[in-house]
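Residue 400 is where the sequence shown starts when you use the working numbering, and the numbers rise one by one after that.
The C-beta atom is built at its ideal place from N, Cα and C for all residues, glycine as well.
These notes concern the structure reproduced below.
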Amino acid sequence: TQNKACNWCCGGGGGVNTMEKTEPLRQKIFHRKRMQIEELDVTTVVTMCATCRNTLEEGIEDNGMEVEVLGLTEVVANHLLKEKK
């Protein structure tokens, strides 16, 4: 989200995304993140955390959202490749 002071966890923090019994809690937490993404009306979300990326991709797909998730490294690499041309 655009403001780190008002940012919410994606629901995968601490590796809880690997524990099946945490699914209801993860869904609840992702609901907040989904609301943040929808309020911003964006088509792309960028994260530097691999766990967040996986959690966001899963949550976005499960909720039928049309939002692309990219890693920060991808964004920087794509920018550098464009500059090089």
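State the CB to CB distance for the pair LEU469 and THR443, rounded to an integer number of angstroms; the pair is presumed to be in contact (CB under 8 angstroms). Counted from its first residue, the sequence shown places residue 469 at position 70. Counted from its first residue, the sequence shown places residue 443 at position 44. Contact holds; Cβ gap of about 6 angstroms.
To the nearest angstrom, how far is it from the Cα of ALA449 to the Cα of THR421? For this step, residue 449 is matched to residue 50 along the sequence shown. For this step, residue 421 is matched to residue 22 along the sequence shown. Going by the C-alpha atoms only, they are around 19 angstroms apart.
Own chain residues within Cβ distance below 6 angstroms of GLY458, not counting five before or after: Counting from 1 along the sequence shown, the entry for residue 458 is found at position 59. Once the five neighbours on either side are set aside, the close Cβ partners of GLY458 are PHE429.
Roughly how many angstroms lie between the CA atoms of ASN406 and GLU482, to the nearest whole one? If you number the sequence shown from 1, residue 406 lands on position 7. If you number the sequence shown from 1, residue 482 lands on position 83. Each residue's alpha carbon lies about 31 angstroms from the other.
Can you give the Cα-Cα distance for ASP440 and GLU419, rounded to whole angstroms? Taking the first residue of the sequence shown as position 1, residue 440 is located at position 41. Taking the first residue of the sequence shown as position 1, residue 419 is located at position 20. Straight-line Cα distance between these residues: approximately 31 angstroms.
Inter-residue Cα distance where the pair is ASP461 and MET434: The residue you call residue 461 lines up with position 62 of the sequence shown. The residue you call residue 434 lines up with position 35 of the sequence shown. C-alpha separation (whole angstroms): 14 angstroms.
Among THR446, CYS409 and ILE436, which one has its Cα closest to the Cα of MET464? To locate residue 464, count along the sequence shown from 1; it is residue 65. Among THR446, CYS409 and ILE436, the Cα nearest to that of MET464 belongs to ILE436.
Tell whether a beta-carbon distance below 7 angstroms holds between MET447 and LEU479. Along the sequence shown, one-based indexing puts residue 447 at 48. Along the sequence shown, one-based indexing puts residue 479 at 80. Cβ atoms of MET447 and LEU479: not closer than 7 angstroms.
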